[in-house]
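See below for the structure under consideration.
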Amino acid sequence: MNKTIVIGSDHGGYHLKKACIKALTDWGYTVEDEGPDCLDSCDYPLYAAKVCDKLKADDSKLGVLICGTGLGMSMTANRMGIRAALCTNEFHARMARAHNNAPCLCLGERVTGQGLALSVLKVFLETDFEGDRHQRRIDLIDTVSQ
Ligand code: RB5
Numbered sequence: 003m004n005k006t007i008v009i010g011s012d013h014g015g016y017h018l019k020k021a022c023i024k025a026l027t028d029w030g031y032t033v034e035d036e037g038p039d040c041l042d043s044c045d046y047p048l049y050a051a052k053v054c055d056k057l058k059a060d061d062s063k064l065g066v067l068i069c070g071t072g073l074g075m076s077m078t079a080n081r082m083g084i085r086a087a088l089c090t091n092e093f094h095a096r097m098a099r100a101h102n103n104a105p106c107l108c109l110g111e112r113v114t115g116q117g118l119a120l121s122v123l124k125v126f127l128e129t130d131f132e133g134d135r136h137q138r139r140i141d142l143i144d145t146v147s148q
């Protein structure tokens with residue numbers, strides 16, 4: 003396994019992003035950090051877009067987007083056509099991969115404590131898509147959105 007994880011945050015998700023990068027590196031993943039590089043106030047859509055562009059260009063990669071609540075990141079990513087799942091527990095994370103085949107996890111640093119967030123991240127990365135009827139439903143998301 004040498005999967006690449008593309009990660010980004012805003013200032014509200016900066017500390018959790020750093021913790022995720024350390025954990026991902028310890029677990030053997032390759033990490034591409036799309037910023038920001040400091041705690042200065044910044045605009046989450048810009049960083050969501052950087053991560054989503056990379057996921058669109060290479061579907062072997064998974065993404066992690068973190069802001070204060072996870073809401074702004076998930077709204078931006080989903081509007082960009084990336085199925086991004088805002089998860090606050092391991093069940094969310096497992097289903098986001100197994101049923102929704104979400105390539106992007108969203109976390110809220112001001113919502114989910116670091117220990118739980120890292121556990122959510124691990125489950126997200128280690129769960130495979132189940133396919134079958136779930137693929138049909140994912141395809142229908144595009145159909146009904148046109
Ligand atoms: C920044 O204050 C905050 O609005 C942002 O991190 C995020 O929670 C937006 O959805």
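Sequential numbering of the sequence shown, starting at 3, is according to this note's numbering.
We put the CB at the ideal spot given by N, CA and C, even for glycine.
- request: Compare the Cα-Cα distances from I7 to each of G14, G15, K19, H13 and report the closest residue.
  value: K19
message: Is there a C-beta anywhere in chain C that falls below 8 Å from the one on G115?
response: This model lacks chain C altogether; it includes just one protein chain.
query: Counting pairs of beta carbons, one from the region 59–71 and one from the region 100–115, are three or more of them closer than 8 Å?
result: yes
- prompt: Between G10, K5, H17, I9, which lies nearest to Q116 when the distance is taken from Cα to Cα?
  reply: H17
message: Just verifying my parser: in three-state terms, what is the DSSP assignment at D2?
response: Residue 2 lies beyond the stretch modelled for the chain, which goes from 3 to 148, so this question has no answer here.
query: Exposed or buried, what is C54 when buried is set at 16 or more other beta-carbons lying within 10 Å of its beta-carbon?
result: buried
- prompt: Mind checking R81: buried by the 16 CB within 10 Å criterion, or exposed?
  reply: exposed
field: Pairwise C-alpha distance: D61 and D134
entry: 19 Å
- prompt: Which residues have their C-beta within less than 5 Å of a heavy atom of ligand 1, listed in chain order?
  reply: D12, G14, C69, G70, T71, L73, G74
For I9 and R112, the rounded distance between their alpha carbons: 17 Å
message: Tell me the DSSP secondary structure of S11 in three-state form.
response: strand
message: Per the DSSP calculation, T6 is bridged to which residue(s)?
response: T32
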